[in-house]
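Engineer: Below you'll find the structure I mean.
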Amino acid sequence: MLTNVFVMLIIIQFIIGLLFAFNVVGRNEFLMSFYDGINRLLDPVLRPIRNLLPQTGMIDFSPLVLIIALNIILIVLGNIIYSL
Numbered sequence: 001m002l003t004n005v006f007v008m009l010i011i012i013q014f015i016i017g018l019l020f021a022f023n024v025v026g027r028n029e030f031l032m033s034f035y036d037g038i039n040r041l042l043d044p045v046l047r048p049i050r051n052l053l054p055q056t057g058m059i060d061f062s063p064l065v066l067i068i069a070l071n072i073i074l075i076v077l078g079n080i081i082y083s084l
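Using UniProt numbering, the first residue of the sequence shown is number 1, and each one after it goes up by one.
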């Protein structure tokens, strides 16, 4: 359940980041503070992934890589636990 909450935070951060990048929401103070809070939580996890990935311009693919990695870890751990 904790990983599902983590994945939802990553998706919310990605969507709000796209809304800001393409200037859809303008300067909404609530969204800006919410986005900053999520960034403070996720930045220590996403920063090493960003350093490994090549620069792609405005779109950041590190959240997608983290979601895929979390799902792989969950599948592997589920198989290990199930086989015991």
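By construction, the Cβ of each residue, glycine as well, lies at the ideal position given by its N, Cα and C atoms.
Quick check on DSSP: helix, strand or coil for MET1?
Structural biologist: One-based indexing of the sequence shown puts residue 1 at position 1. If DSSP states are grouped into helix, strand and coil, MET1 belongs with coil.
Engineer: Under DSSP, the alpha helix (DSSP H) around ARG50 begins and ends at which residues?
Structural biologist: Position 50 of the sequence shown, counted from the first residue, corresponds to residue 50. Run containing ARG50: 29-52, per the alpha helix (DSSP H) assignment.
Engineer: Would you call SER62 buried or exposed, if buried means 16 or more other Cβ atoms sit within 10 Å of its Cβ?
Structural biologist: Start at 1 with the first residue of the sequence shown, and residue 62 comes out as number 62. The residue is buried, with at least 16 neighbouring Cβ atoms inside 10 Å.
Engineer: Which whole-angstrom value is the C-beta distance of LEU46 and LEU66, which I expect to be below 8 Å?
Structural biologist: Numbered from 1 along the sequence shown, position 46 holds the residue referred to as residue 46. Numbered from 1 along the sequence shown, position 66 holds the residue referred to as residue 66. So it is a contact: roughly 6 Å between Cβ atoms.
Engineer: What is the rounded straight-line gap between the Cα of LEU31 and the Cα of LEU84?
Structural biologist: Residue 31 sits at position 31 when you count from the first residue of the sequence shown. Residue 84 sits at position 84 when you count from the first residue of the sequence shown. Those two C-alpha atoms are separated by around 45 Å.
Engineer: To the nearest angstrom, how far is it from the Cα of ILE59 to the Cα of TYR35?
Structural biologist: Locating residue 59 in the sequence shown gives position 59, where the first residue counts as 1. Locating residue 35 in the sequence shown gives position 35, where the first residue counts as 1. When rounded, the distance between both Cα atoms is 16 Å.
Engineer: Excluding five sequence neighbours on each side, which residues of the same chain lie with their C-beta closer than 8 Å to the C-beta of VAL5?
Structural biologist: In the sequence shown, the residue the question calls residue 5 occupies position 5. Around VAL5: no qualifying Cβ.
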